[in-house]
Amino acid sequence: MARTQRSNSDRFARAELIEDLAKQGYSSRQMPAKVGVTEETVRQIARDFEVAIPADRSMRNTRRFDSNRIISTIVDGLDGTRMSIDVIDYEAVDREQMPRWIDGLRQAESSLRRLRTQLEAILTDSERRCPVCDTAVTGRADQVYCGATCRQRAHRNLT
Ligand SMILES: [Zn+2]
Numbered sequence: 004m005a006r007t008q009r010s011n012s013d014r015f016a017r018a019e020l021i022e023d024l025a026k027q028g029y030s031s032r033q034m035p036a037k038v039g040v041t042e043e044t045v046r047q048i049a050r051d052f053e054v055a056i057p058a059d060r061s062m063r064n065t066r067r068f069d070s071n072r073i074i075s076t077i078v079d080g081l082d083g084t085r086m087s088i089d090v091i092d093y094e095a096v097d098r099e100q101m102p103r104w105i106d107g108l109r110q111a112e113s114s115l116r117r118l119r120t121q122l123e124a125i126l127t128d129s130e131r132r133c134p135v136c137d138t139a140v141t142g143r144a145d146q147v148y149c150g151a152t153c154r155q156r157a158h159r160n161l162t
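In case it helps, this note's numbering puts the sequence shown at residues 4 to 162.
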């Protein structure tokens with residue numbers, strides 16, 4: 004009992020410290036050394052005490068925004084590329100430059116294929132649903148159920 008009370012007041016003191024650091028612009032990644040707990044615990048305490056950490060939010064948004072903008076720029080650029088390809092007159096092309104062009108195209112193809120298969124993998128993964136509880140299944144490609152509980156439940160029902 005006394006122990007629980009002390010750990011609660013510790014958490015409260017940490018929450019206050021986290022709030023203070025957050026106001027100074029610290030992200031949860033920069034806090035562990037000052038707060039004396041792991042990064043994950045910092046975030047857990049922040050959630051429990053509803054302490055906003057603005058530096059975390061802006062970091063996450065920047066990352067997400069950048070990736071989406073990058074992919075979007077690539078795909079939009081390729082629309083233009085496809086239209087340009089349609090108007091090429093192959094009788095007029097310079098044979099001397101062909102080896103360099105072919106090499107560049109081969110590298111671009113493999114980069115684009117990697118991007119596409121990566122996106123397909125993410126999408127397929129998020130569309131897999133547990134047949135018992137219907138939550139999204141992530142992890143290995145041959146994983147059918149969301150976890151051990153549902154797998155056991157399914158097997159019990161079969162027998
Ligand atoms: Zn399940």
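All C-beta atoms in this analysis are idealised placements derived from N, C-alpha and C, irrespective of residue type, glycine included.
* So who's on the other strand from Arg3, going by DSSP bridges? -> In the structure as shown, the chain begins at 4 and stops at 162. Residue 3 is therefore absent and cannot be evaluated.
Discussion item. Just to confirm my understanding: we take Arg17, look at its own chain, exclude 5 residues before and 5 after, and list those with CB closer than 7 Å. What are they?
Written reply: Excluding positions up to five away in sequence, the list reads Val38, Val40 and Ile48.
What is the rounded straight-line gap between the Cα of Gln33 and the Cα of Arg60? Going from the Cα of Gln33 to the Cα of Arg60 covers about 14 Å.
Closer than 5 Å to ligand 1: residues, by C-beta to nearest heavy atom, in chain order:
With 5 Å as the limit, the residues whose C-beta approaches any heavy atom of ligand 1 more closely are Cys133, Val135, Cys136, Cys149 and Cys153, in sequence along the chain.
Over what stretch of residues does the alpha helix (DSSP H) that includes Glu42 continue unbroken? That run of the alpha helix (DSSP H) goes Glu42 to Asp51.
Discussion item. For Glu42, which residues in the same chain have their Cβ closer than 8 Å to its Cβ, ignoring the five residues on either side in sequence?
Written reply: Counting only Cβ-Cβ distances below 8 Å, and skipping sequence neighbours, we find Ser31, Arg32, Met34 and Pro35.
### Own chain partners of Leu24 with C-beta closer than 7 Å, once the 5 adjacent residues on each side are dropped
Here Leu24 has Met34 and Lys37 as same chain residues with Cβ atoms under 7 Å from its own Cβ, once five neighbours each way along the sequence are excluded.
Taking the beta carbon of Cys149 as the centre, do at least 16 other beta carbons fall within 10 Å, making it buried, or is it exposed? The residue is buried, with at least 16 neighbouring Cβ atoms inside 10 Å.
Taking only three categories from DSSP, how would you classify Gly83? Residue state, collapsed to three classes: helix.
| query | Where does Val54 fall in DSSP's three states? | reply | Of the three classes helix, strand and coil, the one that applies to Val54 here is coil, per DSSP.
Could you check where the alpha helix (DSSP H) with Ala144 kicks off and where it finishes?
Following the DSSP letters along the chain, one finds Ala144 in no alpha helix (DSSP H), marked with neither H nor E.
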